[in-house]
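Asker: Chains as they are written, first to last, in UniProt numbering: chain A, 1 to 283; chain B, 1 to 357. Following this message is one structure expressed as structure tokens.
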Amino acid sequence: MKLRTSPVFVEGPMPLIAPAVMFLSLFFLVPLGYVVWMSLSQPVIGLQNFGRLLNSSLFASVLYSTFKTALLVTLLSLLFAYPLAYAAANGSKRFATFLLTVVALSFWTSYLVRTYAWMVILGNQGPVTALLSWLGWDPAPKILFTTFSATLAMTHALIPFMTMSLFAVMKRIDPLYVRAAENLGAHPLRAFVSVYLPLSAPGIVNGCTLVFITCLGFYVMPVLLGSPRDQMIAGIIGDQIEQTLDFGLGSAISIVLLALTLAVYAVYNRFFGLDRLWAGGDR
Amino acid sequence: MEMFKNASATPLSRRAVLGAGLFGAAMLASPSIRRASAEENALYVNTWGGDWEASVKKFLFEPFTADTGIEIRTVSPISFAKLAAQKTTGVYEFDVTTLGVADVARANGAGLLETLEGHVDTSKLWEGAIYENGLATHGFATQMAYNAAKFPEGLKNWSDFFNVEKFPGNRSLQRHAARVLAIALLADGVPADQLFPYDLDRAFASLDRIKDHVRVWWTAGPQARQILTDGEVDMAGLWDSDAFGAKEASKEPIEIVWDQAVVDKACWIVAKDSPRAENGFKLISHIGQNAEGLAKFCIADQNGPMNPKSFDFIPAEVAARMPTHPEHLARAVMLDGAKLLPQLDELSTRFESWVGI
Numbered sequence: 001m002k003l004r005t006s007p008v009f010v011e012g013p014m015p016l017i018a019p020a021v022m023f024l025s026l027f028f029l030v031p032l033g034y035v036v037w038m039s040l041s042q043p044v045i046g047l048q049n050f051g052r053l054l055n056s057s058l059f060a061s062v063l064y065s066t067f068k069t070a071l072l073v074t075l076l077s078l079l080f081a082y083p084l085a086y087a088a089a090n091g092s093k094r095f096a097t098f099l100l101t102v103v104a105l106s107f108w109t110s111y112l113v114r115t116y117a118w119m120v121i122l123g124n125q126g127p128v129t130a131l132l133s134w135l136g137w138d139p140a141p142k143i144l145f146t147t148f149s150a151t152l153a154m155t156h157a158l159i160p161f162m163t164m165s166l167f168a169v170m171k172r173i174d175p176l177y178v179r180a181a182e183n184l185g186a187h188p189l190r191a192f193v194s195v196y197l198p199l200s201a202p203g204i205v206n207g208c209t210l211v212f213i214t215c216l217g218f219y220v221m222p223v224l225l226g227s228p229r230d231q232m233i234a235g236i237i238g239d240q241i242e243q244t245l246d247f248g249l250g251s252a253i254s255i256v257l258l259a260l261t262l263a264v265y266a267v268y269n270r271f272f273g274l275d276r277l278w279a280g281g282d283r
Numbered sequence: 001m002e003m004f005k006n007a008s009a010t011p012l013s014r015r016a017v018l019g020a021g022l023f024g025a026a027m028l029a030s031p032s033i034r035r036a037s038a039e040e041n042a043l044y045v046n047t048w049g050g051d052w053e054a055s056v057k058k059f060l061f062e063p064f065t066a067d068t069g070i071e072i073r074t075v076s077p078i079s080f081a082k083l084a085a086q087k088t089t090g091v092y093e094f095d096v097t098t099l100g101v102a103d104v105a106r107a108n109g110a111g112l113l114e115t116l117e118g119h120v121d122t123s124k125l126w127e128g129a130i131y132e133n134g135l136a137t138h139g140f141a142t143q144m145a146y147n148a149a150k151f152p153e154g155l156k157n158w159s160d161f162f163n164v165e166k167f168p169g170n171r172s173l174q175r176h177a178a179r180v181l182a183i184a185l186l187a188d189g190v191p192a193d194q195l196f197p198y199d200l201d202r203a204f205a206s207l208d209r210i211k212d213h214v215r216v217w218w219t220a221g222p223q224a225r226q227i228l229t230d231g232e233v234d235m236a237g238l239w240d241s242d243a244f245g246a247k248e249a250s251k252e253p254i255e256i257v258w259d260q261a262v263v264d265k266a267c268w269i270v271a272k273d274s275p276r277a278e279n280g281f282k283l284i285s286h287i288g289q290n291a292e293g294l295a296k297f298c299i300a301d302q303n304g305p306m307n308p309k310s311f312d313f314i315p316a317e318v319a320a321r322m323p324t325h326p327e328h329l330a331r332a333v334m335l336d337g338a339k340l341l342p343q344l345d346e347l348s349t350r351f352e353s354w355v356g357i
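Have a look at this one:
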């Protein structure tokens, strides 16, 4: 009986993951393979598309600004989300529910809707400009279509990811540790820096990785809210497909973006382990 | 225990799971597969959606369906990339679409279009109606509009638009290489009849003068209208319908300039190898002969008819603000996609790099 049942558990997961595997193969791996093929074969077979990227100053500058923006947005999200997650994890249950609901509501609103909301808020006729003029700023600065407005909107969009990653870890930090440190005479700030911060570090790393990688692929917000020079790499891919019909070059850029994203994942995996990224730091 | 084993791990049930997965995949893929087959008497047309689609349906498609019994279904928005992808994949989401002169020349050069000659009776059309295997039915202008409160002395032409010392302020132009480069050359003093092919070095040198003053390279007509109306920019090169819309909607006095308006034509085309090409030719012939429908469509969509007979159905005061009104056309510059064809790839690649850096 024992011998006959054991294969159930060996084979068991296979039928369970089969639909997902089928779906991903058909709608992800096959198209991805086609993208790789296009990058190597359009218009002729060879590596010329990648060669063009190496020689393109536009590609280099956009790639640089994409990483710079992603890094900036990651740091800003961390700055805003850390106190938020801290308050939710250490406050009363009702307060935590309230905070997390607010975060989730913004998370559930579509990117496009949030982008248009920012256009209204930051625009020439919007409340921010009105407030600045009322405070005597004349003429009020133009905020929309600047690097500032694009960064602000992207940070806002990604704060929920960061908050959730931090909250999951902070919720599991035993408050007794900090109290013990304080009992032993540590200043509250010292207790936070030496005890709480290191304990919450897995959440910081998880959140930063998630936010950074998600931000690398942003498209709509920088195009609609940023200045013409705030293009991100996804926008350049879109241009190749929609404007110049250069599917080969567009595919090559996609492959480079994918490779760089995987490189970030690989670094994360090497030091922290990929299973932790989704498990909220519990090991 | 035996039951559990049988239910989940026998080869038979694994096949069933695989089968279910395939069935699911087929269900998901079925809309496009169904569309690809040459089915009942229908025609799929790519449209811009929204108001555009509503007027095109009412004035051009419904009369066609009434006369021929061919039902029209619409797919939006208009995507040139999709037109190109359709021929590669063989999956046709639409059979007929409209393209501007640069795109129609490029598509025709790339073999993406069915030949209209021999399928559409040109003797029943006006002169110059067929352009690069497209039926050019209506025109729209990219013209200058500015806030007269900011510039009481007034801007007269593109040279003024490019003169940032005399007319400081934020500008906006369309992110569209073929149209913007024409404007840049006109601003630099190139006569309209010597515009094509473009002198690219000269055009980009001219564009460099306003680069830091262009706050937005707009990509959709209403976007341009909105930023001019809201005062995000002080002047813009935008489509005539949006210039008119901004003038109507804005609190500021918006002035519209007709001199040197760059006129592009919308051309109806049939996608190469489309399974319903015959119905597509019928639609294009019908639109070409429906002068009254075209007139009403142009009034509703605020563009100008290329069919001269259509002006018989348009009130004089409405015709007076149309970009193809003879008086405006005489001062305008016609974009010539066919003459630009050898340059098109270079100019869009160079323009996109120039904008991004």
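C-beta: ideal position from N, C-alpha, C; glycine also.
Please list the partners that Ile241/A has in chain B, where partner means a Cβ-to-Cβ separation under 8 Å.
Answerer: Ala81
Asker: Assuming Ala234/A is part of the alpha helix (DSSP H), what are its boundary residues?
Answerer: Ile233 to Glu242
Asker: Checking 8 Å against the spacing of the C-beta atoms, do Ser172/B and Val216/B come in under that value?
Answerer: In contact: Ser172/B and Val216/B (Cβ atoms closer than 8 Å).
Asker: Bridge partners of Ile72/B, per DSSP?
Answerer: Leu43/B
Asker: So, at 8 Å on beta carbons, what are the nonlocal neighbours of Ala187/B in its own chain, with the 5 sequence-adjacent residues on each side left out?
Answerer: Asn157, Trp158, Ser159, Phe161, Phe162 and Ser206
Asker: Of the residues Gly139/B, Lys87/B, Val75/B and Asp230/B, which one's Cα is nearest the Cα of Lys265/B?
Answerer: Among Gly139/B, Lys87/B, Val75/B and Asp230/B, the Cα nearest to that of Lys265/B belongs to Gly139/B.
Asker: Looking only at C-alpha atoms, which of Ser285/B, Gly288/B, Met144/B and Trp268/B sits nearest to Ala246/B?
Answerer: Met144/B
Asker: Can you check whether the CB of Thr163/A is closer than 8 Å to the CB of Leu84/A?
Answerer: yes
Asker: Is there contact here, the segment 128-138 of chain B with the segment 91-110 of chain B, by at least three beta-carbon pairs under 8 Å?
Answerer: yes
Asker: Counting only beta-carbon separations shorter than 8 Å, does Phe145/A have a partner in chain B?
Answerer: yes
Asker: Name, in chain order, the residues that DSSP records as bridge partners for Tyr34/A.
Answerer: DSSP, once it has assigned bridges, lists no residue as partnering Tyr34/A.
Asker: Note down, in chain order, each residue of its chain lying with its Cβ closer than 8 Å to the Cβ of Arg73/B, except the 5 sequence neighbours on either side.
Answerer: Contacts found: Ala42, Leu43, Tyr44 and Val45.
Asker: What first and last residue would you give for the beta strand (DSSP E) that runs through Phe140/B?
Answerer: Gly134 to Asn147
Asker: Beta strand (DSSP E) containing Lys265/B: first to last residue?
Answerer: Ile254 to Val270
Asker: Report the three-state DSSP secondary structure of Glu117/B (helix, strand or coil).
Answerer: Glu117/B falls in the strand class under three-state DSSP.
Asker: Does the segment 142-159 of chain A come close enough to the segment 105-124 of chain A to have 3 or more Cβ pairs within less than 8 Å?
Answerer: yes
Asker: Quickly, what does DSSP pair Gly304/B with across the bridge? List them, please.
Answerer: Gly139/B
Asker: Between which two residues does the beta strand (DSSP E) holding Ala236/B run?
Answerer: Met235 to Trp239
Asker: At 9 Å on the CB atoms, spell out the chain B contacts of Phe165/A, in chain order.
Answerer: According to the sequence as given, residue 165/A is Ser; it is not Phe. Chain B residues near Ser165/A: none, gap ~32 Å exceeds 9 Å.
Asker: Is the CB-CB distance between Leu335/B and Val263/B below 8 Å?
Answerer: Contact check for Leu335/B against Val263/B passes: the beta carbons are separated by less than 8 Å.
Asker: Is Gln86/B helix, strand or coil when you go by DSSP?
Answerer: helix
Asker: Any C-beta of chain B sitting closer than 8 Å to the C-beta of Arg229/A?
Answerer: yes
Asker: Taking 8 Å as the threshold (beta carbon to beta carbon), is Leu245/A in contact with chain B?
Answerer: yes
Asker: If we call anything under 8 Å between Cβ atoms a contact, is Val169/A one with Thr209/A?
Answerer: no
Asker: Among Pro175/A, Val205/A and Pro31/A, which one has its Cα closest to the Cα of Leu274/A?
Answerer: Val205/A
Asker: Please report the Cβ distance between Glu352/B and Gln48/A, rounded to the nearest whole angstrom; I am assuming they are in contact, meaning their Cβ atoms lie under 8 Å.
Answerer: Your pair Glu352/B and Gln48/A does not check out as a contact, with CB atoms roughly 18 Å apart and the cut at 8 Å.
Asker: Since Ser172/B is in the beta strand (DSSP E), which residue starts that stretch and which ends it?
Answerer: Segment Arg171 to Gln174, the beta strand (DSSP E) holding Ser172/B.
Asker: Can you pull out the residues from the segment 44-73 of chain A whose beta carbon lies closer than 8 Å to at least one beta carbon of chain B?
Answerer: Of all residues in the segment 44-73 of chain A, Ser56, Ser57, Leu58, Ser61 and Val62 have a Cβ within less than 8 Å of some Cβ in chain B.
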